[in-house]
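Numbering-wise, my numbering puts 86 at position 86 of the sequence shown, and it's gapless, one number per residue.
Backbone N, C-alpha and C define an ideal beta-carbon position, used for all residues, glycine too.
Source: prediction; values computed, not measured.
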Amino acid sequence: MKCVIDEGKTLLVDGPASVSLISGKLSVLGAPLRIGERLVVREGKRLPLWVKKRVTVELMLGEGASANEVDEETVPSSWEDAAKKILSINKPVAVMVLGGMDSGKTSFCTFLVNEAVTNKLRTGVIDADLGQSDVGPPSTVGFNFVNEPVKDLFDVDAQDAVFVGSTSPSRAIEKVTEGLVRLKDRVIEAGADFLVINTDGWVEGEEAAAYKVRLAEKVAPSAVVGMQRRNELTPILDSLHDVKVFVIDSPQLIQPRSREKRKLLRGLSYKKYLKGAKTQSFSLGWVKVEGSIFGAGSPLPRKRLETLSNLLGTRPVYAEETAVALFIVLRQSKQVTEEQVKAVEEHFGKGVKLIQEGDEEGLLVGMKDEEDMFLGIGIVEGVDYKRRILKVYTPVSEKVSTLCFSQIKLDENCREIGLSTVYSGYLM
1 MKCVIDEGKT
11 LLVDGPASVS
21 LISGKLSVLG
31 APLRIGERLV
41 VREGKRLPLW
51 VKKRVTVELM
61 LGEGASANEV
71 DEETVPSSWE
81 DAAKKILSIN
91 KPVAVMVLGG
101 MDSGKTSFCT
111 FLVNEAVTNK
121 LRTGVIDADL
131 GQSDVGPPST
141 VGFNFVNEPV
151 KDLFDVDAQD
161 AVFVGSTSPS
171 RAIEKVTEGL
181 VRLKDRVIEA
191 GADFLVINTD
201 GWVEGEEAAA
211 YKVRLAEKVA
221 PSAVVGMQRR
231 NELTPILDSL
241 HDVKVFVIDS
251 PQLIQPRSRE
261 KRKLLRGLSY
271 KKYLKGAKTQ
281 SFSLGWVKVE
291 GSIFGAGSPL
301 PRKRLETLSN
311 LLGTRPVYAE
321 ETAVALFIVL
331 RQSKQVTEEQ
341 VKAVEEHFGK
351 GVKLIQEGDE
361 EGLLVGMKDE
371 EDMFLGIGIV
381 EGVDYKRRIL
391 KVYTPVSEKV
401 STLCFSQIKL
411 DENCREIGLS
421 TVYSGYLM
């Protein structure tokens, strides 16, 4: 349908939808929409289109989508003021953006990136929001340079990333901190004038506040931007020293996302980074593993395997041992008692990690090359334990040197179906 919208208005579009500009002038968070250009708004996403000159647009709305005119401006004045001051800081500049869930962090990051690009600065963006990452797949800290204004950071593919393997920062504080510091240093070394760092929405509570303060101290940005509604960031911002701090408003136009919407958006992101995937085989004789007890030790010798079988009352599909534990794989139909497991622990003097064949299916993995550079993600389809070969559904075509295991499980539609500790535990 065609719509005419007056100058100074904002059109809020909730996806799935598309907007084509027929006449007039529109911008999205500082990025202009050209005449004839078609803007796609993802399901679960809201984009604000500010009318700079009376426009005619063609709107196409999918199921559950909506488009509403409002009188408020897209960009609050506090955003513009902060951007001007940040852009005046001596280069190179790294800006870390903090805020709770649904505070508008991603919108502000998009606006700030666009301002820097418009000012002809070599601009990069790092997305460290593990659960709602736009630059890079979920459970990663992703990065790329941005050469022209963008309407949605999801359109920026990850040039480099660090695989964390969790969508919750509270489970991976060290990995996120180390990965973000490493990426930030790489980007600055690569010649960035201006770097925008988005973060996750975990900000409330003592543990969250301590994490964000430590993150800022380790990353050492030139400036920190805090987006808040009711002083929820005060414990964090008051603890930051030797860094410029800007406090800006969270826009009223932000749409809160339900847990289900967040999961849906992650599913779309997994699909994006699995496009063109096919099943590939990886032998543990040729690749290293991280975050997995499987592959961390050596297959059990025949005599020790026989002893293990007698103690369990069944022959395992596979067993290997590390210095501290036994990793045992049983057939799907086989069960053992707690007493049998205890007997194994006592006899071998080690802990026992017991799974059933097939439990590993659906695990999300990250892939790195021999220089520890991120190559992409994949989904474990199965394991030939006797040959120690993993079958992984992945688009990665480069030589893989390391498989990094997460606890995230996906179904065939790339939707998360929960967490799995199948390969976790007893890791050294």
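What residue range is occupied by the uninterrupted beta strand (DSSP E) comprising residue i?
{"i": "residue 130", "result": "No beta strand (DSSP E) holds residue 130; DSSP gives it neither H nor E."}
{"i": "residue 318", "result": "318 to 321"}
{"i": "residue 425", "result": "Per DSSP, residue 425 belongs to no beta strand (DSSP E) and is neither H nor E."}
{"i": "residue 393", "result": "389 to 394"}
{"i": "residue 228", "result": "223 to 228"}
{"i": "residue 104", "result": "Here residue 104 belongs to no beta strand (DSSP E), and DSSP marks it neither H nor E."}
{"i": "residue 28", "result": "17 to 28"}
{"i": "residue 35", "result": "No beta strand (DSSP E) contains residue 35, which DSSP labels as neither H nor E."}
{"i": "residue 314", "result": "From DSSP, residue 314 is part of no beta strand (DSSP E); its letter is neither H nor E."}
{"i": "residue 196", "result": "194 to 199"}
{"i": "residue 407", "result": "402 to 410"}
{"i": "residue 374", "result": "374 to 384"}
{"i": "residue 243", "result": "Note, residue 243: premise wrong, no beta strand (DSSP E); not H, not E."}
{"i": "residue 334", "result": "Unbroken run through residue 334: none, as it is neither H nor E."}
{"i": "residue 417", "result": "416 to 419"}
{"i": "residue 366", "result": "363 to 368"}
{"i": "residue 279", "result": "278 to 283"}
{"i": "residue 288", "result": "288 to 290"}
{"i": "residue 66", "result": "66 to 70"}
{"i": "residue 162", "result": "160 to 163"}
Based on Cα-Cα distance, which residue from the options lies nearest to residue i?
{"i": "residue 321", "options": "308, 122, 312", "result": "308"}
{"i": "residue 413", "options": "272, 329, 234", "result": "272"}
{"i": "residue 127", "options": "118, 157, 103", "result": "157"}
{"i": "residue 20", "options": "359, 54, 60, 408", "result": "60"}
{"i": "residue 410", "options": "379, 325, 169", "result": "379"}
{"i": "residue 197", "options": "112, 351, 396", "result": "112"}
{"i": "residue 117", "options": "373, 146, 65, 107", "result": "146"}
{"i": "residue 83", "options": "226, 385, 283, 350", "result": "226"}
{"i": "residue 77", "options": "339, 306, 248", "result": "248"}
{"i": "residue 424", "options": "416, 405, 417, 240", "result": "405"}
{"i": "residue 267", "options": "44, 184, 374", "result": "44"}
{"i": "residue 192", "options": "162, 210, 144, 235", "result": "144"}
{"i": "residue 214", "options": "238, 160, 229, 194", "result": "238"}
If I measure Cβ to Cβ from residue i and keep anything under 6 Å in the same chain, skipping five residues before and after, which residues do I get?
{"i": "residue 49", "result": "11, 26, 28"}
{"i": "residue 155", "result": "none"}
{"i": "residue 295", "result": "284, 289"}
{"i": "residue 246", "result": "82, 225"}
{"i": "residue 244", "result": "223"}
{"i": "residue 101", "result": "201"}
{"i": "residue 110", "result": "29, 153"}
The alpha helix (DSSP H) that contains residue i, what's its start and end?
{"i": "residue 235", "result": "234 to 237"}
{"i": "residue 267", "result": "259 to 273"}
{"i": "residue 215", "result": "206 to 219"}
{"i": "residue 173", "result": "173 to 189"}
{"i": "residue 344", "result": "338 to 348"}
Beta-carbon within less than 7 Å of residue i's beta-carbon, same chain only, minus the 5 sequence neighbours each way: which residues are those?
{"i": "residue 269", "result": "133, 137, 138"}
{"i": "residue 175", "result": "164"}
{"i": "residue 72", "result": "10, 252, 253"}
{"i": "residue 361", "result": "380, 381, 382"}
{"i": "residue 179", "result": "141, 162, 164"}
{"i": "residue 351", "result": "324, 325, 345, 426"}
In the DSSP assignment, what are the bridge partners of residue i?
{"i": "residue 144", "result": "125"}
{"i": "residue 2", "result": "58"}
{"i": "residue 83", "result": "Answer is none; residue 83 lacks a bridge partner."}
{"i": "residue 43", "result": "15"}
{"i": "residue 327", "result": "320, 353"}
{"i": "residue 135", "result": "Bridge partners of residue 135: none, in fact."}
{"i": "residue 296", "result": "Answer is none; residue 296 lacks a bridge partner."}
{"i": "residue 53", "result": "25"}
{"i": "residue 98", "result": "226"}
{"i": "residue 93", "result": "194"}
Here's a check: name, in chain order, each residue in its chain whose Cβ is nearer than 8 Å to the Cβ of residue i, leaving out the five neighbours to either side.
{"i": "residue 105", "result": "97, 98, 99, 129, 198, 199, 201, 227"}
{"i": "residue 313", "result": "336, 340"}
{"i": "residue 263", "result": "415, 416"}
{"i": "residue 51", "result": "5, 6, 7, 8, 9, 10, 11, 24, 25, 26"}
{"i": "residue 347", "result": "307, 311"}
{"i": "residue 166", "result": "130, 139, 172, 175, 406, 407, 408"}
{"i": "residue 160", "result": "142, 143, 144, 183, 186, 373, 374"}
Answer yes or no: does any C-beta atom of chain C fall closer than 8 Å to that of residue i?
{"i": "residue 241", "result": "Structure shown: chain C not included; a single protein chain is present."}
Heavy atom of the ligand PLP less than 7 Å from the Cβ of residue i, yes or no?
{"i": "residue 190", "result": "Ligands are entirely absent from the displayed structure, and the ligand PLP is therefore not among its contents."}
Under 8 Å: do the stretch 252 to 259 and the stretch 216 to 234 share three or more Cβ pairs, one atom per stretch? no
- Item | Contact the stretch 32 to 46 vs the stretch 76 to 95: 3+ CB pairs below 8 Å | no
Would you call the stretch 201 to 208 and the stretch 106 to 123 in contact, with 3 or more CB pairs under 8 Å?
The stretch 201 to 208 is not in contact with the stretch 106 to 123.
Check whether the stretch 383 to 399 and the stretch 357 to 367 are in contact - that is, three or more C-beta pairs closer than 8 Å.
yes
(Q) Count Cβ pairs between the stretch 272 to 285 and the stretch 376 to 390 that sit closer than 8 Å; are there 3 or more? (A) yes
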